[in-house]
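K.L.:
In full-length UniProt numbering, the protein residues as written are 1 to 466.
My structure is below; once you've seen it, I'll send some questions.
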Ligand SMILES: *Cc1c(COP(=O)(O)O)cnc(C)c1O
């Protein structure tokens, strides 16, 4: 499988190349040249497979040419063997129509482990072949950072530099990053917001003074391999609920549009999906874009669901590319307009294409608390504030009652326990796999939010590509 850039100018790469590159050299994102498609019979034959085996089957077409299905299966077995639940992503029934897909059984308690545990192994596999060193630079509002650090700590040929906004991540999130003392892990707390951190990371990918010396890699969801790994649990959930003979809808708490784009990919691959509900908090750029075509950046409002406090959704570009007839040069122009004015209108083709599969919903603070309370009082389930946005969207979606609606539970309630306790009066207990997190020593460097200082810090501590 070949990967092409959404902006039409970067060279096509194979899967290994796209995984190591992260962002394309023209500023675009990599997507497969075409969507692989399974027949209904092929999907039916996947029913009942253990998760690691299903994962290898679903992802095999995407890695063709870089990994065999057998080798991929070894990697998925190792990655998902670290999960605390044998089913990896178990499904829980809430009421007649609503289900929860629990994606938080990995080491750092959020869905990002599902992709990053595999991505860490893919990096090691591909770097081992070339002997190259990789310098991962990432920005996090909390969950990507902890999941990525857990996935690559102590691995050969990889250094990770993770920027987080000083004072704006939860205690659990910070400690999950800063208590990892492996010498290849570098935590940086910057003075500034998540968007500032993300902008500096993107700048580093285009800074030839850095890219000439270092192979800069990405763990944010701009990296295609992350989305690919997330496609699997859409198959897992739908198969359990009767696919391919029955359609299923999904409600997805959304920030960077990565997780829900994986659902779009599953639909392109032949999984019968009735609807994908894009659930945002009050940072609602995606809700505005999908409901009236207005993709314009507002100010970020901090909420109890910080991993969705985003006003530029990187992966939306992948959808616009696909719905716009895959015209990279036209999309490059549309994105340049957005970058200059912080606003753009979707084209008619993009609006109509999106409306065929997606709907959207915005959840404010009171609705978020009400959804957490509903889960606890009616179903005996503690749900985290991100998942609560998905539940609110699912319960107000008006989907045909005969169609099951699966809400993706993106974080463990204990990861955001203050908000859960405020809403329910009940404090979620920390799973034992978190261990003595609050006793461990922390290590972190504080830097001002200026690019040159951060580039210099990375350059002094990273290993050149070799
Ligand atoms: C990252 C994250 C999201 C948003 O996912 P995207 O792929 O960025 O849309 C939602 N919930 C939680 C808990 C997260 O960590």
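Backbone N, C-alpha and C fix where the C-beta goes; we use that ideal spot for every residue, glycine too.
The model shown is predicted, which means the values in this text are computed figures rather than measured ones.
Let me have the residue list for ligand 1: C-beta closer than 5 Å to any non-hydrogen atom, ordered along the chain.
P.N.:
My final list is 110, 143, 253, 254, 255, 256, 258, 259, 307, 386, 410, 411.
K.L.:
In terms of alpha-carbon separation, which member of 30, 39, 13 lies closest to residue 271?
P.N.:
For this step, residue 271 is matched to residue 271 along the chain shown. Comparing Cα-Cα distances from residue 271 to each of 30, 39, 13, the minimum goes to 39.
K.L.:
Quick check: the Cα distance between residue 260 and residue 276, rounded to an integer number of angstroms?
P.N.:
As a working note, residue 260 is residue 260 in the chain shown. As a working note, residue 276 is residue 276 in the chain shown. Going from the Cα of residue 260 to the Cα of residue 276 covers about 7 Å.
K.L.:
Does residue 208 pass the burial test, meaning 16 or more other C-beta atoms within 10 Å, or should it be called exposed?
P.N.:
The residue you call residue 208 lines up with position 208 of the chain shown. Exposed.
K.L.:
Under the three-state reduction of DSSP, which class applies to residue 214: helix, strand or coil?
P.N.:
The residue labelled residue 214 in the question sits at position 214 within the chain shown. Coil.
K.L.:
Cα separation between residue 126 and residue 1?
P.N.:
Within the chain shown, the letter at position 126 stands for residue 126. Within the chain shown, the letter at position 1 stands for residue 1. Going from the Cα of residue 126 to the Cα of residue 1 covers about 16 Å.
K.L.:
Excluding the 5 residues flanking residue 129 on each side, which residues of the same chain have their C-beta closer than 8 Å to its C-beta?
P.N.:
Position 129 of the chain shown, counted from the first residue, corresponds to residue 129. Taken in chain order, the residues that qualify are 16.
K.L.:
Near residue 345, what residues of its chain come up, given a Cβ to Cβ distance below 6 Å and the 5 sequence neighbours on each side ignored?
P.N.:
Counting from one through the chain shown, the residue named residue 345 turns up at place 345. The residues are 293.
K.L.:
When you compare the segment 19-31 with the segment 76-94, are there three or more beta-carbon pairs, one atom per stretch, that lie closer than 8 Å?
P.N.:
With a cut-off of 8 Å, the segment 76-94 and the segment 19-31 do not count as touching, because too few Cβ pairs lie within range.
K.L.:
Taking its Cβ as the centre, do 16 or more other Cβ atoms sit within 10 Å of residue 27, making it buried, or is it exposed?
P.N.:
Taking the first residue of the chain shown as 1, we reach residue 27 at position 27. Buried, by the Cβ-count rule.
K.L.:
Please name the residue, chosen from 299, 58, 135, that lies closest to residue 234 on a Cα-to-Cα basis.
P.N.:
Position 234 of the chain shown, counted from the first residue, corresponds to residue 234. Of the listed residues, the one whose Cα sits closest to residue 234 is 58.
K.L.:
Ordered along the chain, which non-local residues of its own chain (more than five positions away) have a Cβ less than 6 Å from that of residue 288?
P.N.:
Here residue 288 refers to the residue found at position 288 when the chain shown is read from its first residue. Excluding sequence neighbours, residue 288 sits near 294.
K.L.:
In this structure, does DSSP put residue 113 in helix, strand or coil?
P.N.:
Position 113 of the chain shown, counted from the first residue, corresponds to residue 113. Correct three-state label for residue 113: helix.
K.L.:
If you check the beta carbons only, do residue 166 and residue 149 fall under 8 Å apart?
P.N.:
As a first step, residue 166 must be located in the chain shown, where it is residue number 166. As a first step, residue 149 must be located in the chain shown, where it is residue number 149. Cβ distance not < 8 Å, so residue 166 and residue 149 don't count as in contact.
K.L.:
Do you know how far the Cα of residue 200 is from the Cα of residue 216?
P.N.:
For this step, residue 216 is matched to residue 216 along the chain shown. For this step, residue 200 is matched to residue 200 along the chain shown. Rounded to the nearest angstrom, the two C-alpha atoms are 13 Å apart.
K.L.:
By a C-beta neighbour count over all protein chains shown, 10 Å radius and 16 as the cutoff for buried, is residue 433 buried or exposed?
P.N.:
Sequence index remark: in the chain shown, residue 433 carries index 433 (1-based). Result: exposed.
K.L.:
With which residues is residue 279 paired in a DSSP beta bridge?
P.N.:
Within the chain shown, numbered from 1, the residue matching residue 279 stands at position 279. Answer is 253, 361, bridged to residue 279.
K.L.:
For residue 281, tell me which candidate among 196, 153, 367 has the shortest Cα-Cα distance.
P.N.:
Taking the chain shown and counting its residues from 1, the one referred to as residue 281 is at position 281. For the residues 196, 153, 367, the minimum Cα distance to residue 281 belongs to 367.
K.L.:
Out of 426, 267, 370, which one is the CA nearest neighbour of residue 396?
P.N.:
Numbered from 1 along the chain shown, position 396 holds the residue referred to as residue 396. Looking at the Cα atoms, 370 is the closest of the given residues.
K.L.:
Just tell me which of 296, 453, 186, 255 has its CA closest to the CA of residue 194.
P.N.:
On the chain shown, position 194 is the one that residue 194 refers to. That would be 255, whose Cα lies nearest to the Cα of residue 194.
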